[in-house]
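Every number in the working numbering is 8 more than the matching position in the sequence shown, counting from 1.
Note that the Cβ used here is the ideal one computed from N, Cα and C, for glycine as well.
Computed from a predicted structure; not experimentally measured.
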Amino acid sequence: MAKNWKGVRVLVTGAGGFIGSHLTEELARRGAKVRALVRYNSRSHWGFLEDLSKELKPRVDVWSGDITDPFYVSELAKDQEVVFHLAALIAIPYSYIAPSSYVATNIGGTLNVLEACRSRGVRKLVHTSTSEVYGTALYTPIDENHPLQGQSPYSASKIGADKLAESFHRSFRLPVAVARPFNAYGPRQSARAVIPTVISQALSGRAEIKLGSVTPVRDFNYVTDTVAGFLAIAQSPRTIGEVVNIGSGRGVTIGETARQIMKITKSRCKIALDSKRLRPQASEVFKLVCGNRKIKKLTGWKPQVSLERGLAATIGHVERHRGQYKDALYNV
């Protein structure tokens with residue numbers, strides 16, 4: 009792929025979501041002609057793409073549909089040069105009670121995207137994985153050779169999707185790369201994720217911040233760094249047929265992250281255990297720290313935003329959009 013995105017026809021699935029909306033906007037800023045898939049709903053709501061600026065709207069063609077329909081996905085991929093596949097069910101707690109939905113969307117939907125890209129002659133497909141497929145680390149930092157462990161129905165469905173992508177490259181020479189981001193955070197992330205949950209509680213003035221386990225270690229990455237990783241993987245011909253981690257290589261516990269948020273917000277809350285927020289013991293992933301040597305070698309990518317700066321920006325967003333985070337306050 010050329011470094012210049014100007015005029016390139018790009019499809020983004022899951023474009024109305026957290027990472028997808030940031031990726032869509034960045035591609036539009038760089039001059040790409042973006043076809044953005046948002047999940048169909050009766051309200052014709054585009055998710056976070058509802059807030060597209062007047063400058064970017066003419067460069068984004070929003071389609072509403074569902075990746076579980078193969079006929080729709082085939083039409084969606086028509087005439088596209090590059091595809092970023094982010095559409096997925098991602099909430100881990102819901103996967104425990106609705107695993108069939110995750111198989112249908114994350115595995116079946118990915119199969120539809122792969123077949124559509126193959127039949128339509130797409131030049132490059134970037135399929136989105138997750139660091140959750142590694143499970144609790146057997147060693148750190150976690151490189152791409154680490155064993156895959158299905159510690160939740162969600163992670164199992166993503167392992168299946170990743171392996172389908174691998175099979176389409178090996179079987180049909182599909183030019184696909186698997187991007188495996190570690191924990192992204194930033195503006196627009198929902199309260200299902202730990203950082204906005206902590207921020208919204210810290211800003212509420214309540215006496216306690218209720219959390220599940222505070223000991224798990226995560227490699228948090230500001231969303232602009234994650235988006236830059238996706239673009240770098242798409243642009244490099246060396247990533248075809250490869251799985252590539254996106255992460256800073258720095259681990260921090262949930263508890264340490266919460267205390268840093270409290271410091272920035274000047275919150276005097278105490279951290280309290282909420283047993284309802286705990287994962288099943290054998291399902292909890294205790295340590296995720298990215299081995300990022302491969303992405304640096306293949307693309308030259310490196311993170312630009314420190315955790316401190318990223319948290320401050322995210323706190324500012326939550327302060328300006330308090331109403332979007334009410335669930336984090338009511339479910340405490």
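Handout entry: Backbone CA spacing between V111 and K274 [nearest angstrom]
Key = Translated into positions along the sequence shown, residue 111 becomes position 103. Translated into positions along the sequence shown, residue 274 becomes position 266. Their backbone Cα atoms lie some 43 Å apart in a straight line.
Handout entry: Beta carbon of L296 nearer than 7 Å to that of R226
Key = Numbered from 1 along the sequence shown, position 288 holds the residue referred to as residue 296. Numbered from 1 along the sequence shown, position 218 holds the residue referred to as residue 226. For L296 and R226, yes; Cβs fall inside 7 Å.
Handout entry: Beta-carbon contacts of A242 that lie in its chain and below 8 Å, excluding the five residues immediately before and after
Key = Your numbering for residue 242 matches position 234 in the sequence shown. Excluding residues within five positions, the ones whose Cβ falls inside 8 Å are M9, V90, F92, K132, V134 and A185.
Exercise for the section: Identify whether R330 lies in helix, strand or coil by the three-state DSSP scheme. Expected result: Reading the sequence shown from its first residue, position 322 is the one you call residue 330. In the structure shown, R330 sits in a helix (DSSP, three-state: H, G or I).
Problem - Between the CA atoms of A321 and R328 - distance to the nearest angstrom - result: Against the sequence shown, residue 328 aligns to sequence position 320. Against the sequence shown, residue 321 aligns to sequence position 313. So the alpha carbons of these two residues sit roughly 11 Å apart.
Practice task
Could you tell me whether the stretch 246 to 256 touches the stretch 150 to 164, where touching means 3 or more Cβ pairs closer than 8 Å?
Solution key: yes
Problem - For G73, the residue or residues it bridges with in DSSP - result: Along the sequence shown, one-based indexing puts residue 73 at 65. R47, per the DSSP bridge assignment.
Exercise for the section: Kindly indicate which residue of K41, R37, D69 and G22 has the alpha-carbon position closest to the one of R47. Expected result: Along the sequence shown, read from residue 1 onward, the residue named residue 47 stands at position 39. The option with the nearest alpha carbon to R47 is G22.
Exercise for the section: Could you tell me which residues DSSP puts in a beta bridge with N253? Expected result: In the sequence shown, residue 253 corresponds to position 245, counting from 1. Paired residues: R188.
Problem - Close Cβ partners of I207 (< 6 Å) along its chain, the five nearest in sequence each way excluded - result: Mapped onto the sequence shown, residue 207 falls at position 199. Result list for I207: I269, I323 and V326, in chain order.
Practice task
Counting only the same chain and skipping the five closest in sequence on each side, list residues whose C-beta sits under 7 Å from that of I272.
Solution key: Sequence index remark: in the sequence shown, residue 272 carries index 264 (1-based). Closer than 7 Å at the Cβ level, and outside the excluded window around I272, lie L319, A320 and I323.
Practice task
Measuring only between beta-carbons, confirm whether N229 sits less than 7 Å from chain D.
Solution key: The chain labelled as chain D is not found in the depicted structure, where only one protein chain is given.
Problem - Sheet register partners of R17 (DSSP bridge) - result: For this step, residue 17 is matched to residue 9 along the sequence shown. Paired residues: K41.
Exercise for the section: Can you give me the Cβ contacts of A85 inside the same chain, cut-off strictly under 7 Å, excluding the 5 residues immediately before and after it? Expected result: For the purposes of this step, residue 85 is identified with residue 77 of the sequence shown, where counting begins at 1. Result list for A85: L19, V91, A124, C125, R128 and V130, in chain order.
Practice task
If I'm right that N191 touches S139 with Cβ under 8 Å, what's the distance once you round it to whole angstroms?
Solution key: Counted from its first residue, the sequence shown places residue 191 at position 183. Counted from its first residue, the sequence shown places residue 139 at position 131. Correct: roughly 7 Å between the Cβ atoms.
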